[in-house]
Amino acid sequence: MKKQNHFTRFFLIVAAILTSFFLASCSQVSKQPQEPIVKTVYGSISGSVEDGVFSFKGIPYAKAERFMPPQKPDAWEGVRKHTKFGPIAMQVNSWSSEDAMDEHKLFTVNVWTQGINDGKKRPVMVWLHGGGFSVGASDDPITDGKMLAQKGDVVLVSVNHRLNILGFLDLSAFGNQYADSANVGMLDVVSALEWVNKNIRNFGGDPKNVTIVGESGGGGKVGTLMSMPAAKGLFHKAIIQSGTLLNVMTKEKSTQVGKALVEVLGLTKDNINQINHIPYKQLVEAGNKALEKTVGLRKPGSKVMFGFGPVPDGVNLLQQPFSPDFADISKDVPLLIGTTFNELVRTVYAEKNLTMGEAKKRLINVYGDKTDQYVHLFAKTYPNYTPQDLLSIDNLFRPNTIVTADARAAKTKAPVYSYLLTWKSTVEDNSKGSFHGLDIPLAFKNIELGKHWTGTSNEAKVLADRMSSVWINFARSGNPNDKSLPAWKAYTRENGETMIFDAQPKILNNHDRELMELIKSVP
């Protein structure tokens with residue numbers, strides 16, 4: 014009987030202990046929010062969490078009337094759910110459906126972070142999407158910020174803003190109310206940076222350590238911000254990926270385009286306000302006619318900016334963003350800048366049996382009597398080149414990037430770091446090369462989401478790990494060096510120091526300067 018009582022008491026004690034653990038666990042779970050909640054200056058929002066990373070999507074940072082500068086968004090009561098991307102800017106020839114576009118609700122940001130409301134000061138990276146100043150959005154899977162936030166404990170913010178004719182139509186000749194209309198798309202981005210400055214602490218970020226990042230048109234936006242007084246102090250470092258091909262309209266030209274468009278629409282200064290009610294597609298058609306009548310539409314391969322983009326008005330934008338450097342107001346901003354080997358060139362890597370003789374015949378059409386010199390310099394620059402390489406090398410972004418890096422390094426004490434991605438994607442039977450935008454999924458460490466671009470080889474994964482480390486390190490300290498890479502010095506014109514991202518990364522110094530100068534000399 015005593016033995017039975019002993020075991021009964023033992024099991025009762027064990028049951029009591031297990032029950033207490035269970036109740037304590039339930040108590041802890043009940044104290045945790047069902048969904049992450051962050052307070053912004055305009056109201057509280059909830060998001061989602063996945064693999065230790067919180068995400069908040071479609072957060073309003075501004076509102077605006079057509080052609081007017083952005084204003085503060087409306088505040089709200091209670092907690093709003095923000096787990097889905099918001100609407101995107103109006104655009105044509107987009108990979109997004111028209112249902113995803115909203116002229117009035119596009120002003121949103123997305124945030125990924127490892128910590129909220131924890132008082133930590135994580136580096137902040139603000140991503141500006143590509144697509145020139147005409148198309149694009151912040152919801153592209155290859156720019157999902159989870160992997161960067163997870164790996165580097167950074168806060169990633171991406172932005173939607175006005176584009177094309179709604180973001181950059183110069184109507185200043187029709188009244189002071191339109192004084193800023195030619196640059197409202199970039200003023201939206203400034204407004205988003207102001208939102209970051211005021212709110213990012215609660216998302217675990219440091220408003221005093223913000224890096225703006227962009228590829229292609231996004232890189233052009235980074236360069237533009239570096240010449241905008243309103244953006245000064247809202248970012249502290251800059252990364253430009255394949256973004257130096259930007260030569261925007263002068264103020265004189267943009268005014269001409271605006272006048273021509275109003276004429277096409279049959280409006281005058283007296284009834285100009287009717288432009289607010291004209292359907293978007295009708296505006297676009299009128300805009301194309303106005304461009305044709307004035308500055309002309311861009312032709313493929315042209316080095317001149319096409320369509321609607323920011324305008325150097327001396328107030329919102331002090332100068333051409335790459336002329337070749339940026340405004341003095343950004344002279345203290347460290348810069349990481351680079352390109353890919355092939356960029357937008359139509360590659361011939363699919364022509365597996367192309368011979369050197371056949372390649373030279375095609376080159377004569379481009380280089381004429383300089384063809385032999387071109388081949389000689391190419392062999393000197395890239396000793397292991399192929400006939401396909403000769404016909405596929407980028408001839409726009411890399412030459413401009415060298416010019417910009419030279420000017421920047423000579424003018425400022427802030428460091429400049431240069432890179433060149435030469436690694437070729439294995440997708441589509443190795444036919445794509447190192448194409449425009451390939452550095453995006455690599456830098457974001459988004460191999461799985463970007464496998465249609467990068468493939469899923471171990472080589473791609475290793476390179477993505479290295480490149481994402483560089484982007485994270487630069488955002489954290491302004492120094493991209495990483496233990497997985499060779500030592501990397503700041504760029505000068507004399508050393509031409511360039512990190513070559515490939516299966517075996519290496520440092521080269523002024524390796525392609527002569528080749529790029531020859532390429533630039535060809536009309």
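When the letters of the sequence shown are read in order and numbered with our numbering, they come out as residues 14 to 536.
Think of the CB as a built atom: it goes at the ideal place given N, C-alpha and C, for glycine as much as any other residue.
A quick note: this is a predicted structure, and the numbers were derived from the prediction, not measured.
Cα atoms of Val440 and Ser171: separation of roughly 27 Å, rounded to the nearest angstrom. Annotation for Tyr432: the continuous beta strand (DSSP E) segment containing it runs 429-434.
At the C-beta level, Gly143 and Glu228 come within 7 Å of one another.
For the pair Glu510 and Phe335, the Cα-to-Cα distance works out to about 20 Å. When the beta-carbon positions are compared, Phe339 and Met239 come within less than 7 Å of each other. If the five residues before and after Val361 are omitted, its C-beta is found closer than 7 Å to the C-beta atoms of Leu367, Gln401, Leu404, Ser405, all from its own chain and listed in chain order. Around the beta carbon of Asn329, 16 or more other beta carbons lie within 10 angstroms, which makes this residue buried.
The C-alpha of Ser470 lies about 26 Å from the C-alpha of Ile350. The beta strand (DSSP E) runs of length 3 or more contained entirely in the region 163-235 are, from start to end of the chain, 168-172, 218-228. Remark: three or more beta-carbon pairs, one from each stretch, lie closer than 8 Å, so the region 168-182 and the region 135-154 are flagged as touching. Cβ atoms of Ser185 and Ser194 come within 8 Å of each other, at about 6 Å. Counting every other CB atom within 10 Å of its CB across the protein chains shown gives Ser490 a total below 16, marking it as exposed.
Under a 10 Å Cβ-count criterion, Leu310 is classified as exposed, with fewer than 16 other Cβ atoms of the shown protein chains found around its own Cβ. Beta-bridge pairing by DSSP links Pro73 to Thr121.
Straight-line measurement puts the Cα of Gly370 at about 49 Å from the Cα of Leu331. For Glu510, no alpha helix (DSSP H) segment is defined; the enclosing uninterrupted segment is the beta strand (DSSP E) at 510-514. For Asn260, the closest C-alpha among the options Asp153, Tyr398, Arg93, Gly230 is that of Gly230. In this structure, Leu348 is the residue among Asn378, Lys445, Leu348 with its C-alpha nearest to the C-alpha of Lys424. Looking from the CA of Pro325, the closest CA among Met241, Gln269, Gln163, Lys306 belongs to Met241.
Between the alpha carbons of Lys374 and Leu451 lies a distance of about 29 Å. Around the beta carbon of Trp89, fewer than 16 other beta carbons lie within 10 angstroms, which makes this residue exposed.
Contact check between the region 271-279 and the region 155-162: fewer than three CB pairs, one atom from each, fall below 8 Å, which does not count as touching.
Annotation for Ser61: the continuous beta strand (DSSP E) segment containing it runs 61-63. Here Val92 is bridged, per DSSP, to Ser57. DSSP places Val261 in no alpha helix (DSSP H); its state is neither H nor E. If the five residues before and after Glu527 are omitted, its C-beta is found closer than 8 Å to the C-beta atoms of Leu390, Lys393, Thr394, all from its own chain and listed in chain order. Contact between Thr353 and His449 is confirmed by a C-beta separation of about 6 Å, below the 8 Å threshold. Contact between Thr435 and Asp515 holds, since their C-beta atoms are separated by about 5 Å, short of 8 Å. Setting aside the 5 residues that flank it on each side, Pro100 is surrounded in the same chain by Ala113, Met114, Asp115, Lys118, Leu119, each with a C-beta closer than 7 Å to its C-beta; the list follows chain order. Residue pairing by DSSP places Asn522 opposite Glu510 in a beta bridge. In the structure shown, Met160 falls within a helical segment according to DSSP collapsed to helix, strand and coil. Around the C-beta of Asn123, 16 or more other C-beta atoms lie within 10 Å, and the residue is accordingly described as buried. Cα atoms of Ile532 and Pro412: separation of roughly 8 Å, rounded to the nearest angstrom. Minimum Cα-Cα distance from Ser431 among the listed residues Arg93, Asn522, His290, Thr399 corresponds to Asn522. Counting along the chain, the unbroken beta strand (DSSP E) around Gly351 starts and ends at 348-353. Taking all protein chains shown into account, Ala500 has fewer than 16 neighbouring C-beta atoms within 10 Å of its C-beta and is therefore exposed.
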